[in-house]
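See structure below.
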Amino acid sequence: MMLKLPDITDTQIIEQMIEGTFNYNGIQYGSTYREVLEQLGRCPAKESSDYPTSFSYDYGDQDHSVTLSFSGKEQWKKKDFILLSFDYNHLDETMDVNTKAIRKLWGKPEKTWKDQTDWDDEGEFKTYRYRYGYTYMYFNKDKKLFAMSYYDKKLMKKWSEDW
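For the sequence shown, the positions run 1068 to 1230 when the working numbering is used.
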């Protein structure tokens, strides 16, 4: 099964993603890898891994890249690892949504940032980030949506070594 981007124009989905209650077929952050396998089956894509403490799978397709990231303790069995985030990537290739459209649909963001990307040594490529509750949106220099992450910061701090 391939995951798809939720309809980010639907007011019910927007509320759920802001409040942290969004789920996909019962899968939400905090679900175990076992629960994900039961609902979605084994992912056909290759695992991206920093195993034994974290791993992720891209459950999306070329048009809708959806990455599920898991974390846990070294001594845990992989099936018990916890889902920490849903990441939707390459949105600019399939959607034509900019900051103005997002503000019209989602309202004023709780927080905004302007970042320089890790790989940009020249300081020429800026990204813009909006936070709406549990949802983080990333816009390119033209302020066009290119990625979105949905996660719980408290859960990330508890289970991910990177936080």
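Ideal Cβ placement from N, Cα and C applies to all residues, glycine included.
Residue state for Ile1085 is assigned as helix, using DSSP reduced to three classes.
By the neighbour-count definition (other C-beta atoms within 10 Å, threshold 16), Trp1180 is an exposed residue. In the three-state DSSP reduction, Asp1182 falls in the strand class (E or B).
The region 1167-1176 makes no contact with the region 1109-1123; the number of CB pairs closer than 8 Å stays below 3. For the region 1105-1184, the continuous alpha helix (DSSP H) assignments of 4+ residues that do not extend past its boundaries occur at 1166-1173, in sequence order. Sixteen is the threshold: since fewer than 16 other Cβ atoms of the shown chains lie within 10 Å of the Cβ of Gly1093, the residue is exposed. Per DSSP, Leu1072 is not a residue of any beta strand (DSSP E), being assigned neither H nor E.
Secondary structure of Thr1078 (DSSP, three-state): helix.
Per DSSP, the beta-bridge partners of Phe1206 are Tyr1195, Leu1212. Contact annotation: Lys1210 and Asn1165 have beta-carbon atoms nearer than 7 Å.
At least 7 Å separates the beta-carbon of Leu1107 from that of Tyr1124. Secondary structure at Tyr1100: helix, using DSSP grouped into helix, strand and coil. Within the same chain, and ignoring the five residues on either side of Phe1153 in sequence, the residues whose Cβ sits closer than 6 Å to its Cβ are Tyr1217.
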